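33 is the number that this note's numbering gives to position 31 of the sequence shown; each next residue is one higher, with no gaps.
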Amino acid sequence: MANYSSQRVQEYINDDKHQIKSELTGKKLGSTALRHIFQGEIEANTSGIVVAQGLHSLVEQPNNVKIMKTIEKLDKNGVYIVKLAMTDLTTGKIYTKRSTMFPHTWSKQRIIYEIESVLPAITIFPATTSSSYCVLKKTSSNGIPLNIIFQNGLPLSAYPTWKKNRKYDFD
Numbered sequence: 003m004a005n006y007s008s009q010r011v012q013e014y015i016n017d018d019k020h021q022i023k024s025e026l027t028g029k030k031l032g033s034t035a036l037r038h039i040f041q042g043e044i045e046a047n048t049s050g051i052v053v054a055q056g057l058h059s060l061v062e063q064p065n066n067v068k069i070m071k072t073i074e075k076l077d078k079n080g081v082y083i084v085k086l087a088m089t090d091l092t093t094g095k096i097y098t099k100r101s102t103m104f105p106h107t108w109s110k111q112r113i114i115y116e117i118e119s120v121l122p123a124i125t126i127f128p129a130t131t132s133s134s135y136c137v138l139k140k141t142s143s144n145g146i147p148l149n150i151i152f153q154n155g156l157p158l159s160a161y162p163t164w165k166k167n168r169k170y171d172f173d
């Protein structure tokens, strides 16, 4: 997966193989992105290995997910990192992963609002192939850095960035 950080990510120009797209076609998060953020998924990654993916909020409290431990405590924006176990409900197999979590005080509607509010400001130029991934970094209205993953110009997922030097000072 390519990692890009500018608003105008990359222009794909190669005669008939690619089509230039000047505006983001999806200004809203679709069902795939919402499932990825709020429920997580167990599926094959780009290398074909089955792994747990997603789950960046516990507001829906999926019954197949358990937090094993907190890896990084709250930063000043309330973002934290956990190690979680996700059970495949079909096979019973347990997969573990690290996940950066949106503030636990945020509702589902707040998370969706914060992500969707930055989408209109993004212009990307995706290739028309199915492997056209890019990750853009934007800051939400309340200052949380977000990584937004796009596939073929549509938002596939989003997650917050935890910042080490932005922890709460409890002393």
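Backbone N, C-alpha and C define an ideal beta-carbon position, used for all residues, glycine too. This one's a predicted model, so the numbers in the text were calculated from it and none came from an experiment.
Next on the checklist: Taking its Cβ as the centre, do 16 or more other Cβ atoms sit within 10 Å of Thr27, making it buried, or is it exposed?
Outcome noted: For Thr27, the pLDDT reaches just 44, beneath the cut-off of 50, and the residue's location in the model is therefore unreliable, although a value from the coordinates is still provided. With fewer than 16 other Cβ atoms within 10 Å, it is exposed.
Item to check | Per-residue DSSP class, three states only, for Lys140 | outcome: Correct three-state label for Lys140: strand.
Checklist entry - Between Gly50, Trp164, Val137, Lys99, which lies nearest to Pro157 when the distance is taken from Cα to Cα? => result Distances from the CA of Pro157 to each of Gly50, Trp164, Val137, Lys99 were compared; the closest alpha carbon is that of Val137.
Checklist entry - Between which two residues does the beta strand (DSSP E) containing Ile124 stretch? => result Counting along the chain, Ile124 falls outside any beta strand (DSSP E), and DSSP gives it neither H nor E.
Next on the checklist: Going by DSSP in three states, Gln9 sits in which element: helix, strand or coil?
Outcome noted: For Gln9, the predicted model reports a pLDDT of 29, less than 50, meaning its position is unreliable and no value from the coordinates is stated.
Checklist entry - Near Glu43, which residues of its chain fall below 7 Å by C-beta distance, leaving aside the five closest residues on each side in sequence? => result Arg37, Gln55, Gly56
Next on the checklist: Check for me: the alpha helix (DSSP H) holding Phe40 runs from which residue to which?
Outcome noted: In this chain, the alpha helix (DSSP H) harbouring Phe40 covers 33 to 40.
Next on the checklist: One question on the structure: do Ile83 and Arg100 come within less than 8 Å of each other, judged by their Cβ atoms?
Outcome noted: Yes.
Next on the checklist: For Thr131 and Asn154, what's the separation of their Cα atoms in angstroms?
Outcome noted: Model confidence at Thr131 stands at a pLDDT of 46, short of 50, so the residue's coordinates are unreliable; what they give is reported in the following sentence. Computed Cα separation, rounded: 7 Å.
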